[in-house]
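*Asks:* What follows is a single structure, and I will ask about it in a moment.
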Amino acid sequence: MRLRRPLAQLLKRALPKVWSRSLMAKEPFPEFEPLVDWVDHRHFEELDSTQSYVEREHESFKQEKLTVVSADYQSAGRGTGERAWHATKAQSVIMTFFFRFPEHCESDFVNSSAPNVTKVLAVAAVDTLEWATEGQRFGIKWPNDVVCSGCKVGGILARAVPFNGRLEGIIVGIGINVNTTQEELDRIARPVWPAASVLSLTKRHCEVPEVRRRLVGCFALHLQRFFAGGFAVFRDRVNSLDALLGTKVWFRAHESDEFECVYEGIQEDGLILLRRDGEVTAFPSGEIIPPPAGAK
Numbered sequence: 001m002r003l004r005r006p007l008a009q010l011l012k013r014a015l016p017k018v019w020s021r022s023l024m025a026k027e028p029f030p031e032f033e034p035l036v037d038w039v040d041h042r043h044f045e046e047l048d049s050t051q052s053y054v055e056r057e058h059e060s061f062k063q064e065k066l067t068v069v070s071a072d073y074q075s076a077g078r079g080t081g082e083r084a085w086h087a088t089k090a091q092s093v094i095m096t097f098f099f100r101f102p103e104h105c106e107s108d109f110v111n112s113s114a115p116n117v118t119k120v121l122a123v124a125a126v127d128t129l130e131w132a133t134e135g136q137r138f139g140i141k142w143p144n145d146v147v148c149s150g151c152k153v154g155g156i157l158a159r160a161v162p163f164n165g166r167l168e169g170i171i172v173g174i175g176i177n178v179n180t181t182q183e184e185l186d187r188i189a190r191p192v193w194p195a196a197s198v199l200s201l202t203k204r205h206c207e208v209p210e211v212r213r214r215l216v217g218c219f220a221l222h223l224q225r226f227f228a229g230g231f232a233v234f235r236d237r238v239n240s241l242d243a244l245l246g247t248k249v250w251f252r253a254h255e256s257d258e259f260e261c262v263y264e265g266i267q268e269d270g271l272i273l274l275r276r277d278g279e280v281t282a283f284p285s286g287e288i289i290p291p292p293a294g295a296k
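Under UniProt numbering, the first residue of the sequence shown carries the number 1, and numbering increases by one thereafter.
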C-alpha cells in the first residue's frame, strides 16, 4: 500500500491506525473510466465521523481532486442539526466528499451553485440505489433525504468552505441504510418518514462496497455536468423524484413565520417554490415541519 505521506508524519497527526486507499473498481461502468484519476478514495474500518474527518483534514487533500472518505463504522456519526447518525458496522454506505469548484467557474456561478450540491448527490444516490436493486423506485425529499415508500433510507449533510473569496470548497456527506435489519431500524425514533433500508424494503441483500463504488462514480459524473451547466441541468430530474411535489405541507420560513402551502418543486436556481393563497413564492431556505396540533 502506498501512503501519501511518511508513516511517522501520519502518526504524528493522530490519524486512525487502520486505514487504506480504497481503489475504484477497474470498470465500475464505462462512463466513469475517464474520471478514475480525478477521484482519491480513502476507506477506513472505523472513524469518529467521515464528516468530522474531512472537516479536519481537507486542507491536506489534493485540492484539484474529488476526495472521498468512507468508513465501515462511525463512533460519532452526524446527521443534520444536532442529530446523530447511527449505522450498523459494514451494513451502510457512510462517506463524505470534498472538492473545489474548478477555477474556470465564475464566482457568481460558484456562490449560487454551492447550495445545490446536496441535490446533485441525492440524484446520484437514487441512480445508484435503483441500479443496485434493479429498478426499485427511490425518491428525494427536500432538502436532504433519500426516500422510498414513505420511509427515509438516507440523508445528506453539507457545508461550504470559502476559498479565494467565494464558496469554492464543498464538504458533503451521505449515509444510506443498505443492509440494516428491521430490528435495528426500529430503534431509530422517527415518527414521520420512519427509517428504512434497502434490505427492509426490497428483501435484497446488497454488497456495500459495490454500492459505495457505484455512488462515487455516479456523483463524479454528475459533478462534471454540474460544473458545466449548473443546477438547471438537474432541475427536471430532481422535481420528477421529489416525494413532496404537489402536496400540502407546513413550512417554517423562520421562527415567527409558519404556514400551510402547496410544495411546487424547485426552480432552476435551486430555490423551492411554494403556493400560498394562490401565489407562488420562491424561498432559498426554510424547514418543512409536521402540522401544528389541531391543523387539518
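Where a beta carbon is used, it is the ideal one built from N, C-alpha and C, also for glycine.
Quick caveat: nothing in here was measured; it's all calculated off a predicted structure.
Whose C-beta lies closer than 7 Å to the C-beta of ARG204 among residues of the same chain, with five residues either side of it excluded?
*Replies:* Once the five neighbours on either side are set aside, the close Cβ partners of ARG204 are THR133 and VAL198.
*Asks:* Would you grab the beta carbon distance between ILE176 and VAL238 for me? Rounded to a whole angstrom, and I think it's under 8 Å.
*Replies:* About 18 Å; that fails the 8 Å criterion.
*Asks:* Which class does CYS151 belong to by DSSP, given the choice of helix, strand or coil?
*Replies:* Reduced to three states, the DSSP call for CYS151 is strand.
*Asks:* What residue ranges within the region 121 to 170 form continuous beta strand (DSSP E) runs of no fewer than 3 residues, ordered along the chain?
*Replies:* Runs found: 139 to 141, 145 to 148 and 151 to 163.
*Asks:* What does the Cβ neighbour count give for THR50, buried or exposed, with the cut at 16 atoms within 10 Å?
*Replies:* Under this definition THR50 is a buried residue.
*Asks:* At 4 residues or longer, and completely inside the region 228 to 292: list those alpha helix (DSSP H) runs for me, N to C.
*Replies:* DSSP runs (the alpha helix (DSSP H)) wholly in the region 228 to 292: 235 to 241.
*Asks:* In this structure, does DSSP put THR50 in helix, strand or coil?
*Replies:* The answer is helix: DSSP assigns THR50 an H, G or I state.
*Asks:* Just how far apart, CA to CA, sit ARG225 and ILE170?
*Replies:* One C-alpha to the other measures close to 16 Å.
*Asks:* In angstroms, rounded to a whole number, what distance separates the CA positions of VAL68 and ASP40?
*Replies:* Using only the alpha carbons, I get a separation of about 6 Å.
*Asks:* Would a C-beta distance cut-off of 9 Å place GLY265 and GLU31 closer than the cut-off?
*Replies:* Not a contact, by the Cβ cut-off of 9 Å.
*Asks:* My understanding is that residue 350 touches ALA189, with C-beta atoms under 8 Å, so please give their C-beta distance in whole angstroms.
*Replies:* Residue 350 lies beyond the range of the chain shown here (1 to 296); nothing can be said about it.
*Asks:* With a cut-off of 8 Å on the beta carbons, I'd call VAL54 and THR96 a contact; round off their distance for me.
*Replies:* With 8 Å as the limit, VAL54 and THR96 qualify as a contact, their Cβ atoms being about 5 Å apart.
*Asks:* Give every residue of the same chain whose Cβ lies closer than 8 Å to the Cβ of LEU185, excluding the five residues on either side of it in the sequence, and list them in chain order.
*Replies:* Answer for LEU185: ASN177, PRO194, ALA195, ALA196, SER197 and SER200, listed in chain order.
*Asks:* If you draw a straight line from the C-alpha of PRO102 to the C-alpha of PHE227, how long is it?
*Replies:* If you take the alpha carbons of PRO102 and PHE227, they lie about 8 Å apart.
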